[in-house]
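Asks:
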Amino acid sequence: DQQVKQNSPSLSVQEGRISILNCDYTNSMFDYFLWYKKYPAEGPTFLISISSIKDKNEDGRFTVFLNKSAKHLSLHIVPSQPGDSAVYFCAASAEGGGADGLTFGKGTHLIIQP
Amino acid sequence: DVKVTQSSRYLVKRTGEKVFLECVQDMDHENMFWYRQDPGLGLRLIYFSYDVKMKEKGDIPEGYSVSREKKERFSLILESASTNQTSMYLCASGNSLLEHNEQFFGPGTRLTVL
Chain A
-9 DQQVKQNSPS
1 LSVQEGRISI
11 LNCDYTNSMF
21 DYFLWYKKYP
31 AEGPTFLISI
41 SSIKDKNEDG
51 RFTVFLNKSA
61 KHLSLHIVPS
71 QPGDSAVYFC
81 AASAEGGGAD
91 GLTFGKGTHL
101 IIQP
Chain B
36 DVKVTQSSRY
46 LVKRTGEKVF
56 LECVQDMDHE
66 NMFWYRQDPG
76 LGLRLIYFSY
86 DVKMKEKGDI
96 PEGYSVSREK
106 KERFSLILES
116 ASTNQTSMYL
126 CASGNSLLEH
136 NEQFFGPGTR
146 LTVL
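First to last, the sequence lines map onto chains A and B. Each residue of the first sequence is one higher than the one before, starting from -9 at the first, in this note's numbering. Each residue of the second sequence is one higher than the one before, starting from 36 at the first, in this note's numbering.
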């Protein structure tokens, strides 16, 4: 049973436009949501996160939106740049679950076209 | 600068061999994790540890064991490697005090079992 779902395996966006990556979850115990970015042959790097008590968190070009009632979150990147081409993983954890590991989605491969 | 290192970037082993993957972190984190990443499956948690000599099974522990003799070091052991264990192995560390339970990942070990 997949608790964190990224239904788009890939997404192609033109440079300068907005990239929107989506993520759905089923476990209502999740309290924290994170986005990681991964380049080939490298480990994932933490990008941005949000607590379930918030509905938006912004960091530069990256904004994460959380709709708790719909169990849905999205990552917005604006404007998209060539260096944003990577695989993006959505992840979730429960409060106090820092010791228990993260539950990851399958990832979305974002391709930024010039 | 935070750092998680893994002993090998690439490893080729034969079926039946015993394989050790080493991971070291320099952030004094209590929690350490082993994941594997496979195309179309995302990151899946194998084992984790929240303290020295403590270990817990993740989602896919079969065929693996772990060792944590020192706080900074977490080893993943494949007792008898099989071809279905060919994968990218990612080590991570974290601390329950970190905001949103974020984890820091190593660069990964690409293991091929022939």
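Cβ atoms here follow ideal geometry from the backbone N, Cα and C, with glycine treated the same way.
Quick check: the Cα distance between B/Tyr82 and A/Asn12, rounded to an integer number of angstroms?
Replies: Looking at the two C-alpha atoms, the distance is approximately 28 Å.
Asks: According to the neighbour-count rule (16 or more other Cβ atoms, all chains shown, within 10 Å of its Cβ), is B/Glu137 buried or exposed?
Replies: It counts as buried.
Asks: Using a Cβ cut-off of 8 Å, pull out every chain B residue sitting near A/Glu32, in sequence order please.
Replies: Those are Pro142 and Gly143, listed as they occur along chain B.
Asks: With a threshold of 7 Å between beta-carbons, can B/Gly152 be considered close to chain A, or not?
Replies: Given that chain B is displayed from residue 36 to residue 149, the structure contains no residue 152 of chain B and the question cannot be resolved.
Asks: So B/Leu113 and B/Val47 are in contact, right, with Cβ under 8 Å, and what is the actual spacing, rounded?
Replies: Going by Cβ atoms, the distance from B/Leu113 to B/Val47 rounds to 13 Å, so no, they are not a contact pair.
Asks: Using a cut-off of 7 Å between C-beta atoms, extract the partners of B/Gln120 located in chain A.
Replies: What B/Gln120 touches in chain A: nothing, since even the nearest Cβ is about 19 Å away.
Asks: May I have the straight-line CA-CA distance separating A/Tyr107 from A/Ser59, to the nearest angstrom?
Replies: Outside the modelled stretch of chain A, which goes from -9 to 104, sits residue 107 of chain A, for which no answer is possible.
Asks: At 9 Å on the CB atoms, spell out the chain B contacts of A/Leu92, in chain order.
Replies: Phe68, Tyr70, Leu78, Leu80, Ala127, Gly129, Asn136, Glu137 and Gln138, listed in chain order.
Asks: When the distance is taken between beta carbons, is A/Gly33 closer than 7 Å to B/Leu56?
Replies: No; because the gap between Cβ atoms is not below 7 Å, this pair is not in contact.
Asks: How many whole angstroms separate the CB atoms of A/Gly50 and B/Gly93, which I take to be in contact at a CB cut-off of 8 Å?
Replies: Not a contact, Cβ separation roughly 33 Å.
Asks: Any C-beta of chain B sitting closer than 7 Å to the C-beta of A/Phe36?
Replies: Interface residue, yes.
Asks: If you measure beta-carbon to beta-carbon, which residues of the stretch 14 to 28 of chain A are closer than 7 Å to chain B?
Replies: Against chain B - using a Cβ distance shorter than 7 Å - the residues of the stretch 14 to 28 of chain A are Tyr22 and Leu24.
Asks: Suppose the cutoff is 6 Å on Cβ atoms and the five residues either side in sequence are ignored; what does the same chain contact list for B/Ser43 look like?
Replies: Closer than 6 Å at the Cβ level, and outside the excluded window around B/Ser43, lie Thr144.
Asks: DSSP three-state call for B/Asn119: helix, strand or coil?
Replies: In this structure, B/Asn119 counts as helix in the three-state DSSP scheme.
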